[in-house]
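Contents: one structure, followed by commentary.
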Amino acid sequence: MQTRRHFMASSAAATALLGFLPRQAKATVSFETLEAMSASVQLAPDGYPATDIWGYGGTAPGPILRVAQGGRLQRRFVNSLPQASSIHWHGIRIDNAMDGVPGLTQAAVEPGDGFDYDFTLPDAGTYWYHSHNRSAEQVARGLHGALIVEEGTPPDVDREEVFVLDDWLIDPETGQIPGDFESPHARSHAGRMGNLILTSGVFDKTMTVQRNERLRLRLINAANARIFVLGLIGLEGWTMALDGMPLPAPEPLDEVLVLGPGQRADLIVDVTAEEGGTAYLARVNEARGAPQVTFRVRGQASLARRGIPDALPPNPGHVIDLSGDSVNLTLNMEGGAMGGLREAMFNGEQVGFRELAQANQFWAFNGMVGMPDSPMATLDRGQIVRLTISNDTAFPHAMHLHGMHFREVLTDNTLGPMRDTLLMDSSERREIAFAADNPGDWLLHCHMLSHAASGMMTWVRVT
Ligand SMILES: [Cu+2]
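If you want it as structure tokens, here you go:
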């Protein structure tokens with residue numbers, strides 16, 4: 006007869022076995038991992054020291070993730086960093102639980118822990134993923150990468166290139182990233198600017214192309230604060246999509262393309278420079294212009310250029326109809342150096358600007374500094390929201406809404422392109438409209454990451 010002791014021992018063994026087996030079983034179907042880890046990489050030009058970074062898979066930017074439109078992205082995020090972290094999937098119309106915002110949609114993933122990200126991707130386009138914990142530090146250390154959602158029928162081009170634009174702050178003597186991620190000056194002014202501008206982790210990115218070759222360029226501004234002002238030299242083309250979303254018709258790019266932090270653009274360009282010549286994607290706001298990407302033209306792809314490309318197929322849904330009822334909201338941005346902010350609510354108390362500065366906080370949304378406990382608005386699912394944003398500060402800001410794209414309401418009451426990040430100049434007042442059609446708690450913040458860390462953060466709830 007089985008003794009009680011024997012029974013307990015064997016049931017404990019059985020429990021242990023049961024506890025063990027499912028984990029084993031799960032491991033065989035587990036997601037591919039995306040591991041955030043330390044690594045040493047050569048970012049600076051040859052002759053300079055290598056740089057210690059934090060990167061997904063040990064590279065910066067991380068691996069390009071590609072998924073078919075309507076498909077599913079499944080990754081086990083493994084945090085091998087010395088800090089807690091999370092991944093935000095920027096611009097994705099995502100299940101709220103997968104949005105990667107610690108304290109709002111999930112707990113930060115502690116060192117040594119993991120988190121399974123699993124979501125569908127309804128919209129084709131150029132997106133990106135990045136850390137959303139201590140992001141002013143973690144994104145600057147390299148935790149970002151491209152997320153490409155491919156159309157069922159891709160446009161007719163000869164090749165595609167993904168260019169992640171970033172600026173790194175590197176000590177040229179040591180090659181290392183200075184640890185002053187909470188610099189009061191960066192926080193209170195334009196944000197943390199780098200001294201080494203890279204394209205997909207490469208200094209002076211150069212590639213060989215052919216005359217009349219047609220390229221699709223997917224540009225992503227992954228910088229903490231830098232605004233890229235870009236132009237084409239020896240290339241001619243069109244803006245096809247902004248922030249992932251196709252424009253109704255290709256827009257000739259004959260002036261500059263401005264990309265604020267977090268923003269993306271899809272271009273189709275033809276190489277028009279002569280054989281043996283050089284073409285550039287260039288930063289045209291710098292003295293005499295500076296090459297972002299250099300294209301050496303060798304040979305000829307065809308005798309003549311092709312015609313104007315067809316528009317990219319529109320993404321499904323995204324209806325913003327202003328003819329019916331709407332909820333009207335306002336967001337006043339105040340603070341920063343030379344901003345004249347006298348006082349604001351911080352941690353439940355009204356405090357003066359000097360006291361805020363001592364707490365290393367500088368910015369307010371509607372008189373409130375930092376992430377409020379309650380949402381700035383609770384919206385019924387499906388409501389149309391019109392949000393007027395006033396930038397009463399001396400600096401530009403890149404306002405990013407999670408979970409839903411918006412369109413700008415232009416002065417003639419027409420709607421601008423669909424975006425997820427709006428770059429606003431100092432003293433501007435702009436209106437955006439969106440359909441609150443994705444339930445959950447969604448962040449609305451400045452994508453100058455030092456600004457987000459020092460006050461510019463709020464959220465809306467869609468019920
Ligand atoms: Cu800002």
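Numbering of the sequence shown is given in our numbering, commencing with residue 6 and proceeding in unit increments. Using N, Cα and C, we set each Cβ at its ideal position, and we do this for glycine too. All figures in this text were calculated on a predicted structure; none of them were measured in a lab.
Practice task
Along the beta strand (DSSP E) that carries residue 297, what are the first and last residues, could you check?
Solution key: 295 to 305
Problem - Three-pair Cβ contact test at 8 Å for the segment 117 to 125 versus the segment 225 to 244 - result: no
Exercise for the section: Take residue 131 as the anchor and find which of 361, 151 and 137 has the nearest alpha-carbon. Expected result: For residue 131, the nearest C-alpha among the options comes from 151.
Problem - Short CB-CB distance (under 9 Å) between residue 366 and chain D - result: Absent from the structure: chain D. Only one protein chain is present.
Exercise for the section: Could you tell me which uninterrupted alpha helix (DSSP H) segments, each at least 4 residues in length, are contained entirely in the segment 226 to 267, listed from first to last along the chain? Expected result: none
Exercise for the section: Please confirm whether residue 376 and residue 463 have their CB atoms less than 9 Å apart. Expected result: yes
Exercise for the section: In angstroms with no decimal places, state the Cα-to-Cα distance between residue 268 and residue 411. Expected result: 13 Å
Problem - Beta carbon nearer than 6 Å to a non-hydrogen atom of ligand 1 - result: 402, 451, 453, 456 and 461
Exercise for the section: Go ahead and pull the three-state DSSP assignment for residue 186. Expected result: Under the three-state reduction of DSSP, residue 186 is assigned to coil, being neither helix nor strand.
Practice task
Go to residue 81, then tell me how far its beta strand (DSSP E) extends in each direction, as first and last residue.
Solution key: Counting along the chain, the beta strand (DSSP E) containing residue 81 begins and ends at 77 to 84.
Handout entry: For residue 382, the residue or residues it bridges with in DSSP
Key = 465
Handout entry: Sub-9 Å separation of residue 454 and residue 144 beta-carbons
Key = A contact, by the Cβ cut-off of 9 Å.
Handout entry: Through-space distance from residue 306 to residue 162, alpha-carbon basis
Key = 11 Å
Handout entry: residue 448 (DSSP reduced to helix, strand or coil)
Key = strand
Handout entry: Counted within 10 angstroms of its Cβ, other Cβ atoms place residue 328 as buried (16 or more) or exposed
Key = exposed
Exercise for the section: From the DSSP output, in three-state form, read off residue 457 for me. Expected result: In the structure shown, residue 457 falls within a helical segment according to DSSP collapsed to helix, strand and coil.
Handout entry: Cβ-based burial, residue 303 [other Cβ within 10 Å; buried from 16]
Key = exposed
Problem - Bridge partner(s) assigned by DSSP for residue 355 - result: 350
Exercise for the section: Taking residue 312 as the reference, give the member of 355, 282, 341 and 255 with the closest Cα. Expected result: 255
Handout entry: 9 Å Cβ cutoff met for residue 384 and residue 466
Key = Note that the C-beta distance between residue 384 and residue 466 is below 9 Å.
Handout entry: CB contact flag (residue 171, residue 227, <9 Å)
Key = yes
Problem - Extent of the continuous beta strand (DSSP E) to which residue 215 belongs - result: 210 to 216
Handout entry: Contacting residues, own chain, Cβ-Cβ under 6 Å from residue 353 (five flanking each side not counted)
Key = none
Problem - Cut-off 8 Å between Cβ atoms - residues of its own chain near residue 316, not counting five sequence neighbours on either side - result: 245, 251, 252, 253, 254 and 255
Handout entry: residue 289 versus residue 236: straight-line alpha-carbon distance, rounded
Key = Between residue 289 and residue 236, the C-alpha separation is close to 6 Å.
Handout entry: Cβ contact (3+ pairs, closer than 8 Å) linking the segment 278 to 297 and the segment 90 to 101
Key = no
Exercise for the section: Decide if residue 363 is buried, meaning its Cβ has at least 16 other Cβ atoms within 10 Å, or exposed. Expected result: exposed
Exercise for the section: Determine the closest residue to residue 297 out of 205, 191 and 248, with distance taken between C-alpha atoms. Expected result: 205
Exercise for the section: Kindly indicate which residue of 199, 120, 386 and 292 has the alpha-carbon position closest to the one of residue 37. Expected result: 120
Exercise for the section: Determine the direct distance from the alpha carbon of residue 214 to that of residue 314, and round the result to whole angstroms. Expected result: 19 Å
Handout entry: Where residue 116 falls, given that 16 or more other Cβ within 10 Å makes a residue buried
Key = Its Cβ having fewer than 16 others within 10 Å, residue 116 is exposed.
Practice task
Could you pull out every residue in the same chain whose Cβ sits closer than 7 Å to the Cβ of residue 234, ignoring the five residues on either side in sequence?
Solution key: 261, 263, 288, 289 and 290
Practice task
May I have the straight-line CA-CA distance separating residue 159 from residue 301, to the nearest angstrom?
Solution key: Rounded to whole angstroms, the gap between the alpha carbons of residue 159 and residue 301 is 25 Å.
Practice task
Find out if the Cβ-Cβ distance for the pair residue 137, residue 67 is shorter than 9 Å.
Solution key: no
Problem - Cα-Cα separation, residue 177 to residue 52 - result: 10 Å
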